[in-house]
Amino acid sequence: MLETIIIILLVLWLLGALGRVRVPALSGNLVHIILVIAVILIIFRLMG
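Residues 1275 to 1322, numbered by my numbering, are exactly what the sequence shown covers, in order.
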């Protein structure tokens, strides 16, 4: 389950990083927030 959430967050991050013109709602600070959430989930996964 956690792997699925991580993959979804990374895909959303890639959409925001690569699709600034196509998907303006996913650009800006939201990209960084999604990336931080994904990193935190990966750290929790490695600790548990």
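From the three backbone atoms N, C-alpha and C, an ideal C-beta is built for every residue, glycine too. Fair warning: this is a prediction, and the values are worked out from it, not measured in the lab.
With H, G and I counted as helix, E and B as strand and the rest as coil, what does DSSP make of M1321?
Indexing the sequence shown from 1 puts residue 1321 at position 47. Helix, per DSSP.
Compute the beta-carbon to beta-carbon distance between L1315 and I1279, rounded to the nearest angstrom, for a pair I have assumed lies under 8 Å.
For the purposes of this step, residue 1315 is identified with residue 41 of the sequence shown, where counting begins at 1. For the purposes of this step, residue 1279 is identified with residue 5 of the sequence shown, where counting begins at 1. Indeed, because the Cβ distance is near 6 Å, the residues count as touching under 8 Å.
Within 10 angstroms of the Cβ of L1276, are there 16 or more other Cβ atoms? Answer buried if so, exposed if not.
By one-based count along the sequence shown, residue 1276 stands at place 2. So L1276 ends up on the exposed side.
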